[in-house]
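Asker:
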Amino acid sequence: MLAVVGAILLQQIVDHGLKKMTSHTATQTSISQLLSDTLNTDIVIMGNSRALCSYNTAIMEKETGMKTWNIGVSGQPFGISYLRYQLYAWHNKQPKLLIINIDNTELEMISNGFGREEYYPYFSDNMVRSYLDVYGFTWKDIYVPMYKYFGDYKLIAYGLMSSVGLYPFASQQHYHGFFNCDLPFDGQRLHEILSQKELDPACCESDAIQLLEKFLGDLDRQPIHVIFCYAPQYQLLYKRLQLSDCMNVYHQFSDRYNIPLLDYSSISWGNDSSYFYNANHINLLGSELFTTQLVHDIDSLGIIK
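Numbering-wise, the numbering used here comes out as the position in the sequence shown, counting from 1, plus 83.
#1: Would you kindly report the start and end of the unbroken beta strand (DSSP E) that includes Cys312?
#2: Using only CA atoms, which one of Gly198, Ile128, Ala362 lies nearest to Lys150?
#3: According to DSSP, simplified to helix, strand and coil, what is Trp352?
#4: Tell me the DSSP secondary structure of Asn363 in three-state form.
#5: Go to Thr147, then tell me how far its alpha helix (DSSP H) extends in each direction, as first and last residue.
#6: Measure the C-alpha to C-alpha separation of Gln159 and Phe298 and round it to an integer number of angstroms.
#7: So Asn209 is in the alpha helix (DSSP H); what residue range does that whole segment cover?
#8: With DSSP run on the structure shown, which of helix, strand or coil describes Ile381?
#9: Going by DSSP, name the residue or residues bridged to Asn153.
#10: Report all residues from its chain with a CB closer than 6 Å to the CB of Tyr168; omit the five preceding and five following residues, and keep chain order.
#11: How should Ile386 be labelled, buried or exposed, when 16 other C-beta atoms within 10 angstroms of its C-beta is the threshold for buried?
#12: If you draw a straight line from the C-alpha of Ser395 to the C-alpha of Phe262, how long is it?
#13: Mind the definition here: the stretch 340 to 348 touches the stretch 267 to 277 only if three or more C-beta pairs lie below 8 Å; say whether that holds.
#14: I'd like to confirm the pairing. Which residues does DSSP put opposite Asn184 in its beta bridges?
#15: Could you spell out the range, first to last residue, of the alpha helix (DSSP H) harbouring Leu238?
#16: Hey, how far is the Cα of Ser383 from the Cα of Tyr232?
#17: If you follow the beta strand (DSSP E) that Leu345 is part of, which residue opens it and which one closes it?
#18: If we cut at 9 Å on Cβ distances, does Gln305 have a partner in chain B?
#19: Helix, strand or coil, according to DSSP, for Tyr258 in the structure here?
#20: Return the residue from the list Leu101, Gly89, Glu144 that minimises the CA-CA distance to Thr374.
Here it is as structure tokens:
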């Protein structure tokens, strides 16, 4: 009995400490921010890491005069992007514009587990709990004290340190969720892909497509403008992707729900590595050019003032 009580108390302390930390999510908006009721933004950008580093919120706010927040998440499929938007929407006002980043990896449902520890302290939140299966959590993770932390002693130590004000890392390095990746080009992954004999297939899972359809149906009944946007990819990579099935889904939904689809996969500087930090992600300079053009194109659509 004492062991159980001790485990419960320890978990509460570790949970509390990790909630105070922002460093383990230094490249994205933290769960605590999504739940804080303080974002209340006019424009929301959602998607995977390509959303995170492509849509420069500082540029977008400067050009539009509208508060903008990027809730993109590294290395995660649509199931997680959807959860993060629901957390935002549950605790904040509706945005006027929602930009959904689309690409060759977004139409997946189940997470590969990357970053799952970010959700450990928030299992008591009803919205988080309702989507825990996407990360593969079980009832033991939820109800057995300290089970979710089993074997992750470093994370336990971080939580304990943070609970007493000793933060093991620096604070977040982003502006309104945008990850400023001001790095030189790394072509290692591109080299691996180009060395493959077959084209790289895009992900297009039925569960993710059904969830996206449900999501768009819900949005269609709300006063929210929605845009699909394909952020720039390095052209040598883009040409190695099997995208037809994936893009057909997006175009069908675009037609059905009258959603503009802005495709920057063939942007004029897509062959210039100085605008990318790897073949899949643009760097800070690329984000400035891309976001400026995106704002101009959104303005041309006349959907928001």
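For every residue, glycine included, the Cβ atom is placed at its ideal position computed from N, Cα and C.
Answerer: So, to answer that:
#1: 308 to 313
#2: Ile128
#3: coil
#4: coil
#5: 140 to 147
#6: 17 Å
#7: 209 to 212
#8: helix
#9: Ile128
#10: Met129
#11: exposed
#12: This structure does not reach residue 395, given that the chain is present from 84 up to 388, and the question cannot be answered.
#13: no
#14: Cys312
#15: 236 to 246
#16: 50 Å
#17: 344 to 346
#18: Reference to chain B is not applicable here, since this structure consists of a single protein chain.
#19: strand
#20: Glu144
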